[in-house]
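Novice: First the structure, then my questions, so here it is.
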Amino acid sequence: IAATQPSTNWHLKENAREHHTSKFSSEELIVRRGQAFTITFNGTERPEQNLIFIAETGPKPSKATKTLATFDISSTASKEGWSAVLQSTSSNSASISISSPHNAVIGRYRLSVQSGSSSPTSLGTFVLLFNPWSSGDDVFMPNKAECEEYVLEEFGIIFAGNKNHISSFGWNFGQFQGDILNICLSILDRSLYYRQDPITDVSHRHDPRYLGRVLSAMVNANDDQGVVLGNWSGKYEGGKNPSSWTGSGEILQSWKKSGFKPVKYGQCWVFAAVLTTVLRCLGIPTRTITNFSSAHDADGNLRVDEFYDADGNHLERGADSVWNFHVWNESWFTRNDLGPSYSGWQILDATPQEESGGIYQCGPASRHAIKEGDVDLDYDSPFVFAEVNADCMYWNYDSATGKKTLIFSKSTEIGDSISTKAVGRDDRVDVTRDYKYEEGSAKERDIFKKARKKLGLEDKFDPTAPKVEEIEQKPDISGKFKVAGSLEVGKDLDLLLVLENLQSEAKTVNVKMTAWSTLYTRRRVNQIWKDSISVTLAPKEEKQFPIKIKYPEYQQQLTTDKTIQVTALCHVEDGIQVLVKRNITLDNPGIDIQVLGEAKVNKEVVVEVAFTNPIDTEVKDCVLQVEGSDLIQGILELRIPPLKANEKSSTKFKLIPSEAGPKHLLVNFYCDKFADIKTFKMVNVIN
Numbered sequence: 001i002a003a004t005q006p007s008t009n010w011h012l013k014e015n016a017r018e019h020h021t022s023k024f025s026s027e028e029l030i031v032r033r034g035q036a037f038t039i040t041f042n043g044t045e046r047p048e049q050n051l052i053f054i055a056e057t058g059p060k061p062s063k064a065t066k067t068l069a070t071f072d073i074s075s076t077a078s079k080e081g082w083s084a085v086l087q088s089t090s091s092n093s094a095s096i097s098i099s100s101p102h103n104a105v106i107g108r109y110r111l112s113v114q115s116g117s118s119s120p121t122s123l124g125t126f127v128l129l130f131n132p133w134s135s136g137d138d139v140f141m142p143n144k145a146e147c148e149e150y151v152l153e154e155f156g157i158i159f160a161g162n163k164n165h166i167s168s169f170g171w172n173f174g175q176f177q178g179d180i181l182n183i184c185l186s187i188l189d190r191s192l193y194y195r196q197d198p199i200t201d202v203s204h205r206h207d208p209r210y211l212g213r214v215l216s217a218m219v220n221a222n223d224d225q226g227v228v229l230g231n232w233s234g235k236y237e238g239g240k241n242p243s244s245w246t247g248s249g250e251i252l253q254s255w256k257k258s259g260f261k262p263v264k265y266g267q268c269w270v271f272a273a274v275l276t277t278v279l280r281c282l283g284i285p286t287r288t289i290t291n292f293s294s295a296h297d298a299d300g301n302l303r304v305d306e307f308y309d310a311d312g313n314h315l316e317r318g319a320d321s322v323w324n325f326h327v328w329n330e331s332w333f334t335r336n337d338l339g340p341s342y343s344g345w346q347i348l349d350a351t352p353q354e355e356s357g358g359i360y361q362c363g364p365a366s367r368h369a370i371k372e373g374d375v376d377l378d379y380d381s382p383f384v385f386a387e388v389n390a391d392c393m394y395w396n397y398d399s400a401t402g403k404k405t406l407i408f409s410k411s412t413e414i415g416d417s418i419s420t421k422a423v424g425r426d427d428r429v430d431v432t433r434d435y436k437y438e439e440g441s442a443k444e445r446d447i448f449k450k451a452r453k454k455l456g457l458e459d460k461f462d463p464t465a466p467k468v469e470e471i472e473q474k475p476d477i478s479g480k481f482k483v484a485g486s487l488e489v490g491k492d493l494d495l496l497l498v499l500e501n502l503q504s505e506a507k508t509v510n511v512k513m514t515a516w517s518t519l520y521t522r523r524r525v526n527q528i529w530k531d532s533i534s535v536t537l538a539p540k541e542e543k544q545f546p547i548k549i550k551y552p553e554y555q556q557q558l559t560t561d562k563t564i565q566v567t568a569l570c571h572v573e574d575g576i577q578v579l580v581k582r583n584i585t586l587d588n589p590g591i592d593i594q595v596l597g598e599a600k601v602n603k604e605v606v607v608e609v610a611f612t613n614p615i616d617t618e619v620k621d622c623v624l625q626v627e628g629s630d631l632i633q634g635i636l637e638l639r640i641p642p643l644k645a646n647e648k649s650s651t652k653f654k655l656i657p658s659e660a661g662p663k664h665l666l667v668n669f670y671c672d673k674f675a676d677i678k679t680f681k682m683v684n685v686i687n
């Protein structure tokens with residue numbers, strides 16, 4: 001008589017609670033490795049006798065690649081491999097506790113059971129993830145509050161702006177929503193590594209180092225039809241402007257729905273946020289990091305060269321650049337390949353900047369290795385070291401003769417206010433000291449020299465021993481731009497150019513000034529304004545020159561990054577040139593969220609969003625987008641009627657929270673005059 005198909009009770013609720021996977025909304029068992037889970041199945045006679053379990057994953061499971069395990073019932077759980085322990089039996093059902101090893105391959109497993117000599121019967125599938133709560137796991141994180149933040153928290157704050165003016169916006173990682181886990185697993189199965197050699201790829205999936213590197217390649221579309229297509233042109237036709245996204249869910253779901261075509265468009269924070277979602281979903285503790293004044297050292301000499309013409313225009317010459325900010329990731333795991341002191345936070349970067357091993361991927365680079373200048377250690381340490389430490393060289397370039405003259409160099413410009421969200425709070429934490437010793441200290445310069453030496457650069461350009469054309473002369477004057485008013489889109493921009501004569505004789509200075517709208521990468525997009533003045537400074541005199549750029553002058557030219565670069569190139573008669581520059585990030589006007597009443601699970605609550613048009617012309621094409629895990633399904637989009645000058649709009653909508661606890665609502669408002677006015681609100685949902 002044919003054996004009846006056993007029916008399996010996966011004890012979803014109990015197992016999920018034990019394994020910190022309750023936030024997944026799945027009918028499938030999701031558990032973490034190195035920890036026991038219980039299942040009950042019936043349809044077996046005398047279950048305790050000769051039962052053999054088979055757990056397998058990947059296309060061609062085998063014991064050699066650790067993608068196939070067969071194990072029978074034992075009296076205690078095994079420390080090394082898979083094991084099953086009988087919990088209880090009744091006439092025809094058995095309750096079994098199954099344990100996987102700490103270093104098991106992660107992914108979707110098929111579980112079957114074989115009794116005696118009969119052929120195996122399938123019990124179903126389950127998903128196995130990394131386990132930061134388990135001390136044997138490579139991703140073990142001893143601090144429970146950090147596990148909560150870096151694995152279970154679905155809301156994040158990303159820092160942006162520039163080092164003089166740090167701003168922030170919320171992000172909905174949404175790693176437990178809907179189909180995100182399945183999408184994350186399909187990302188792995190679409191990587192170049194898997195396509196070239198699926199068996200080897202799957203066998204490496206026990207290793208967070210390997211998965212971090214693979215995913216840093218797959219989150220960008222370069223090379224492998226990955227998730228997000230980058231665009232730094234300032235023109236985003238045919239896709240969404242990178243600054244308009246408020247969460248990863250929409251991006252990952254669009255990628256799947258389109259038949260895995262790259263989603264348009266992303267910039268650094270989008271790549272970092274999507275990688276955070278994927279890694280947290282798989283159980284690797286991960287956070288986003290923002291580095292201000294971030295160097296992109298394309299030629300690997302730990303220095304960044306910037307070129308300016310005689311009018312002070314920043315030239316697109318050479319591949320090096322300095323970004324107002326750059327966002328990457330840190331993930332937490334051990335580095336058995338490097339040694340214990342290099343374990344802990346590891347840098348991964350999914351933004352396609354430079355190829356590594358022939359494809360656009362970056363990391364994992366040990367943060368400790370970066371701080372100590374150990375740039376010879378895997379992976380991509382020289383590039384990351386330069387991002388926070390490169391020296392800056394500013395050149396005057398004459399396109400007619402091809403001659404370049406050094407204006408000045410600076411070793412303290414790069415890698416400022418390195419920031420991440422606090423654990424359990426919506427605050428900024430500065431982690432600059434974890435990346436480098438104090439800027440300007442002897443220790444910091446020693447580390448820089450050590451890094452240059454390891455890269456074989458010690459004979460080449462060294463700021464302390466310049467070649468003839470690179471000798472810095474002492475300037476006769478100094479200058480700076482000061483902000484004299486508010487930095488807000490919709491208002492005039494008021495600046496002061498402050499020039500000081502450092503010498504004891506009078507100096508005549510010809511000043512050429514320009515203002516350009518830029519991207520956050522400081523790439524120039526549109527010229528907004530230019531002017532020139534000639535001034536005479538008495539000995540040791542300081543003078544201020546007011547500059548006003550009116551809103552109508554810059555409104556059409558501004559990019560959605562809301563950034564403007566002002567430069568003044570000062571030609572001192574019989575002296576050397578002095579470059580004065582400042583990168584300015586404007587703030588959007590504010591937007592206000594109020595929750596009207598108490599937020600309770602499965603009960604409607606009304607939210608009101610208010611915006612006042614601050615400018616003296618009408619704004620139209622207004623849209624309000626709202627999202628928030630456990631507060632709202634997907635994204636709510638509301639069209640708002642045009643607003644006259646200084647008119648206030650108030651929009652109400654309803655939420656039905658699905659889970660208790662502190663949740664975050666994210667709002668993005670945009671119209672024809674303002675791009676992506678974002679805010680978020682913590683909503684405490686009660687049962």
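Per full-length UniProt numbering, the sequence shown starts with residue 1, numbered consecutively.
Quick reminder that beta carbons are idealized off the backbone N, C-alpha and C, glycines included.
Runs of 4 residues minimum, wholly inside the segment 370-397: which ones carry the alpha helix (DSSP H) assignment?
Specialist: Complete alpha helix (DSSP H) runs here, min 4: 381-389.
Novice: Quick one: complete beta strand (DSSP E) runs, 3+ long, within the segment 311-363?
Specialist: Qualifying beta strand (DSSP E) stretches, in chain order: 321-333, 344-348.
Novice: Within the segment 147-224, note down every full beta strand (DSSP E) run reaching 3 residues or more, in order along the chain.
Specialist: Whole beta strand (DSSP E) segments, 3+ residues: 155-162, 165-172.
Novice: With DSSP run on the structure shown, which of helix, strand or coil describes residue 667?
Specialist: In this structure, residue 667 counts as strand in the three-state DSSP scheme.
Novice: From residue 468 to residue 395, what distance separates their C-alpha atoms?
Specialist: Residue confidence for residue 468 is low, a pLDDT of 45 falling below 50, so the modelled location carries little weight; the figure read from the coordinates is stated next. C-alpha separation (whole angstroms): 14 Å.
Novice: Give the straight-line distance between the Cα atoms of residue 410 and residue 299, rounded to the nearest whole angstrom.
Specialist: Going by the C-alpha atoms only, they are around 18 Å apart.
Novice: Which of the three DSSP states, helix, strand or coil, is assigned to residue 520?
Specialist: Reduced to three states, the DSSP call for residue 520 is coil.
Novice: Assuming residue 322 contacts residue 268 under a Cβ cut-off of 8 Å, what Cβ separation, rounded to an integer in Å, is found between them?
Specialist: Between residue 268 and residue 322 the Cβ distance is about 14 Å, and since that is not below 8 Å, they are no contact.
Novice: So, do the segment 635-643 and the segment 582-599 have three or more beta carbon pairs nearer to each other than 8 Å?
Specialist: Flag = no, the segment 635-643 and the segment 582-599 do not touch.
Novice: Which same chain residues end up closer than 6 Å to residue 343 when comparing Cβ atoms and leaving out the 5 residues on each side of it in sequence?
Specialist: Excluding residues within five positions, the ones whose Cβ falls inside 6 Å are 334, 335.
Novice: What residue does the beta strand (DSSP E) around residue 42 start on, and which one ends it?
Specialist: Note, residue 42: beta strand (DSSP E), 37-42.
Novice: Which of the three DSSP states is assigned to residue 448 in this structure?
Specialist: Helix at residue 448.
Novice: Using only the alpha-carbon positions, how far apart do residue 109 and residue 80 sit?
Specialist: Rounded to whole angstroms, residue 109 to residue 80 spans 18 Å at the Cα level.
Novice: Count the other CB atoms within 10 Å of the CB of residue 675; is the residue buried (16 or more) or exposed (fewer)?
Specialist: Label assigned to residue 675: buried.
Novice: Grouping DSSP H, G and I as helix and E and B as strand, with all else coil, what is residue 249?
Specialist: It is helical.
Novice: So, do the segment 285-303 and the segment 572-582 have three or more beta carbon pairs nearer to each other than 8 Å?
Specialist: The answer is no - the segment 572-582 does not touch the segment 285-303, with fewer than three Cβ pairs under 8 Å.
Novice: What separation, rounded to the nearest whole angstrom, lies between the Cα atoms of residue 677 and residue 405?
Specialist: C-alpha separation (whole angstroms): 42 Å.
Novice: Can you tell me whether DSSP reads residue 551 as helix, strand or coil?
Specialist: Helix.
Novice: Can we say the segment 191-208 touches the segment 241-250, given the rule of at least three CB pairs closer than 8 Å?
Specialist: Verdict: no, contact absent.
Novice: Under 6 Å Cβ to Cβ from residue 688, same chain only, skipping five residues before and after it: list those, please.
Specialist: Beyond the ends of the chain as shown, which are 1 and 687, falls residue 688; an answer cannot be given.
Novice: Under three-state DSSP, which class holds residue 662?
Specialist: DSSP places residue 662 in strand when its eight states are reduced to three.
Novice: Grouping DSSP H, G and I as helix and E and B as strand, with all else coil, what is residue 131?
Specialist: Correct three-state label for residue 131: coil.
Novice: Does residue 403 pass the burial test, meaning 16 or more other C-beta atoms within 10 Å, or should it be called exposed?
Specialist: By the neighbour-count rule (16 or more Cβ atoms within 10 Å), residue 403 is not buried but exposed.
Novice: Note down, in chain order, each residue of its chain lying with its Cβ closer than 6 Å to the Cβ of residue 161, except the 5 sequence neighbours on either side.
Specialist: Contacts found: 167, 585.
Novice: In three-state DSSP terms, what is residue 541?
Specialist: In this structure, residue 541 counts as coil in the three-state DSSP scheme.
Novice: For residue 505, which residues in the same chain have their Cβ closer than 7 Å to its Cβ, ignoring the five residues on either side in sequence?
Specialist: 539.
Novice: First and last residue of the alpha helix (DSSP H) that includes residue 14?
Specialist: Note, residue 14: alpha helix (DSSP H), 12-18.
Novice: Among 274, 399, 308, 479, whose alpha-carbon lies nearest the alpha-carbon of residue 350?
Specialist: Nearest of 274, 399, 308, 479 to residue 350, Cα basis: 274.
Novice: Does the separation of the CB atoms of residue 367 and residue 435 fall below 8 Å?
Specialist: Cβ atoms of residue 367 and residue 435: closer than 8 Å.
Novice: Mapping the DSSP letters down to three states, classify residue 649 as helix, strand or coil.
Specialist: Correct three-state label for residue 649: strand.
Novice: Can you check which of these residues, 50, 68, 64, is closest to residue 56 by C-alpha distance?
Specialist: Among 50, 68, 64, the Cα nearest to that of residue 56 belongs to 68.
Novice: DSSP has residue 407 in a bridge; who is on the other side?
Specialist: None; residue 407 has no bridge partner.
Novice: Between residue 173 and residue 248, is the Cβ-Cβ spacing less than 8 Å?
Specialist: Closer than 8 Å, so yes.
Novice: What residue range does the beta strand (DSSP E) around residue 706 cover?
Specialist: No statement about residue 706 is possible, as the shown extent of the chain runs from 1 to 687 and does not include it.
Novice: Just the Cα atoms here: how many angstroms apart are residue 431 and residue 437?
Specialist: Approximately 11 Å, taken between the alpha carbons.
Novice: Based on Cα-Cα distance, which residue from 658, 657, 661, 667 lies nearest to residue 651?
Specialist: The residue with the shortest Cα to Cα distance from residue 651 is 667.
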